[in-house]
Amino acid sequence: MEFQSCVKIINEWDIVAARQLGRNVAKELGFGTVDQARITTAISELARNIYLYAGQGRVCIEKLYENGKSGLLIIASDEGPGIPDVRKVMEDGFSTSGGLGAGLPGVKRLMDEFDLDTNVGKGTEIRATKWLR
Amino acid sequence: MNELVYKYIRDNRNNILDNWIINMREKADERLIKVVSDEMFARTSSEFIDMITTRLTDNGQEFLNRLTDFAEKVVRLGWPLTFVNEGLREFSRITFEGMMDTGLVNQDNQMDIIYDFDSFMTPMNNEIVNMYSQTWEKTVSLQKIALQELSAPLIPVLDRITVMPLVGTIDTERAKQIMENLLQGVVKHRSEVVLIDITGVPVVDTMVAHHIIQAAEAVRLVGAHCMLCGIRPEIAQTIVNLGINLNEITTKNSLQKGIEAALEITSRKIVEMEEMEE
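See the structure below:
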C-alpha cells in the first residue's frame, strides 16, 4: 500500500504548498504536534533549498507502511547544479548563501532517516523518513 | 465574416442553440453542473448567438463593447475558462458541420469559410482569455496589497515598549518589511524594548530564524532590546533540532511574560490598586 503526492517548487509560495501537504499527511498518519512541526520544518528547509539553489524541482510526500510501522517519506528532487562537497554541507554552519547553514544537518536531526544522492551538474535527490512511534 | 455564415446562423438559430446546449451538457462534469445552472446556460448561450447575429448591423466598436460585456458576464458567473473556450469551439463546429450538411459549404468555398471562421473566432477567444487573466491578475494584486497591509504592524503598547505580532508565513518579502517597520518604529516610538511575537507563525525554519536573528541584531544596533515571545513547545523543539543558536536573543514563552520582562528592563512594574493605597 503506497500513496504519494507531489508539489512542484517553482516560486516561494510553493514552499508553503509543500509544507501544507506534508502537514496534512502527517496529521492523517497520526503524528503528534511536535513531529508535525518537525516534518513541516524539514519540508520547508528542503523546499527552500530547491527554490534557492536549483531554481525548481519537486517535493513528494509518501506514506510508508513497513513491518507494522507507518511513516512518512519526503522526497525532494531537483535537476539543479548538484552539491560538490556533500561532507561540507552536512556540517553545521556551512552556507553558500549567507544563511545560518543549519538546513541540511538540521533536517537530518529532525528526521529519523536521511539519504542524500547528488550528482554535480545533474541534480540532487534527498529522501528523509520519519517513523510513527 | 461571410454573409453566408451569418445568414445560416440567423436562420438556424434555434437549431444550433439546441445542439450546442445538448453537446455542452454532455461535456460538463459534476463540478461544473453545480456552477452552471441549466437556465443560466441556456440564457447565456442565446445571448451569445444574439451577439453574433447583430455583428452585421452593429459597427465594429459596438460589437467589441458587447463582446467585452459578454466576457465580463461569464467571468462574473464564475464559469471555468476551459468550459467557455470549449463552448466557443463547439459553437463553430456545430455551425460549420450544419453548413456542410445543408450544402452551403462545398469544395470551392471551404477554405474561405474556414478562414472566415478563424478570423472571427480568434478575437473572441482572445477577448475572453484576456478578460479572465485580467480578473485573476487583479485578484492576485489586490490580495498582495491586502497581505502587505497586515504583514508587519508595530504596536506601541506602553511607553517605550512596542510589540510586533507576526501571523502567518514569513517569506523574503515580508522579512524585509518586518526589518524596515521594526527599525522605523523603534526610532519613531522611542522604544527601549521591542517584543516580536511569533505565536502565529506556523513554521520556524532556518530562514525565518535567520531573519529574526538579523532583525534582533539590527534593533540592538539602534539601541533597543529585542525579545522573542510566543515560542510554542513544538517550535522550541524544532529550533533545537535544527541547531539554531538563539542565545543572543532573550526569549519568553508568552507575550505576557515578555511584557513583564520589558517593564523590568525599563525599571517599572504593574501593581495592584490596593497596594498603591497603602
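Those protein sequences? They're chains A and B, same order as listed. Per the numbering used here, the very first residue in the first sequence carries number 70; after that it's consecutive. Per the numbering used here, the very first residue in the second sequence carries number 66; after that it's consecutive. Even glycine gets a Cβ: it sits at the ideal position worked out from N, Cα and C. Source: prediction; values computed, not measured.
At a cut-off of 8 Å between beta carbons, B:Leu-307 contacts chain A. B:Phe-182 places its beta carbon less than 8 Å from that of B:Ser-157. B:Ala-240 has a beta carbon lying at 8 Å or more from every beta carbon in chain A. Beta-bridge partners of A:Arg-196 (DSSP): A:Ile-144, A:Asp-184. When beta bridges are read from the DSSP output, B:Gly-265 appears opposite B:Val-232.
Residue state for B:His-275 is assigned as helix, using DSSP reduced to three classes.
Counting along the chain, B:Phe-113 sits inside no beta strand (DSSP E); it lies in the alpha helix (DSSP H) bounded by residues 103–118. The beta carbon of A:Ala-171 sits closer than 8 Å to the beta carbons of Asp-161, Gly-162 from its chain, once the five residues preceding and following it are set aside; these are given in chain order. Bridge pairing for A:Arg-127: A:Lys-77, A:Ser-146 [DSSP].
A:Ser-166 has its alpha-carbon roughly 54 Å from the corresponding atom of B:Ser-102. Within the stretch 101–116 of chain A, the residues whose Cβ lies closer than 7 Å to some Cβ of chain B are Thr-102, Val-103, Ala-106, Arg-107, Thr-109, Thr-110, Ser-113, Glu-114, listed in chain order. Think of a sphere of 8 Å around the beta carbon of A:Pro-174: the chain B residues whose beta carbon falls inside it are Gly-308, in chain order.
Residue pairing of A:Tyr-134 in beta bridges, as defined by DSSP: A:Ser-139. Around the Cβ of A:Gln-105, a 10 Å sphere holds 16 or more other Cβ atoms; the residue is buried. Under a 10 Å Cβ-count criterion, A:Phe-72 is classified as exposed, with fewer than 16 other Cβ atoms of the shown protein chains found around its own Cβ.
DSSP lists B:Ile-261, B:Thr-316 as the beta-bridge partner residues of B:Leu-293.
The C-beta of B:Ile-220 has fewer than 16 other C-beta atoms within 10 Å across all chains shown, which makes the residue exposed. For B:Val-222, the enclosing beta strand (DSSP E) has its first and last residue at 220–223. In this structure, B:Leu-231 and B:Ile-324 do not form a Cβ contact; the two beta carbons are roughly 16 Å apart against a cut-off of 8 Å. Look at A:Gly-168: its C-beta is under 8 Å from a C-beta on chain B. Using a CB distance cut-off of 8 Å, A:Leu-179 counts as an interface residue toward chain B. Using a 10 angstroms sphere on the CB of B:Tyr-180, the tally of other CB atoms stays under 16, which defines it as exposed. Within chain A, the residues Val-103, Ala-106, Arg-107 have their CB atoms less than 8 Å from the CB of B:Gln-302, given in chain order. Judged by beta-carbon spacing, B:Val-205 lies beyond the 8 Å limit of B:Leu-146, meaning their Cβ atoms are not closer than that value. Looking at the backbone, the Cα of B:Val-258 and that of B:Leu-320 are separated by about 13 Å. A:Lys-96 has its alpha-carbon roughly 14 Å from the corresponding atom of A:Arg-202. Taking 8 Å as the CB threshold, A:Ala-123 stays off the interface with chain B. Under the Cβ criterion (8 Å, minimum of three pairs), the stretch 68–80 of chain B counts as touching the stretch 154–171 of chain B. A:Arg-92 sits buried, since 16 or more C-beta atoms from the chains shown fall within 10 Å of its C-beta.
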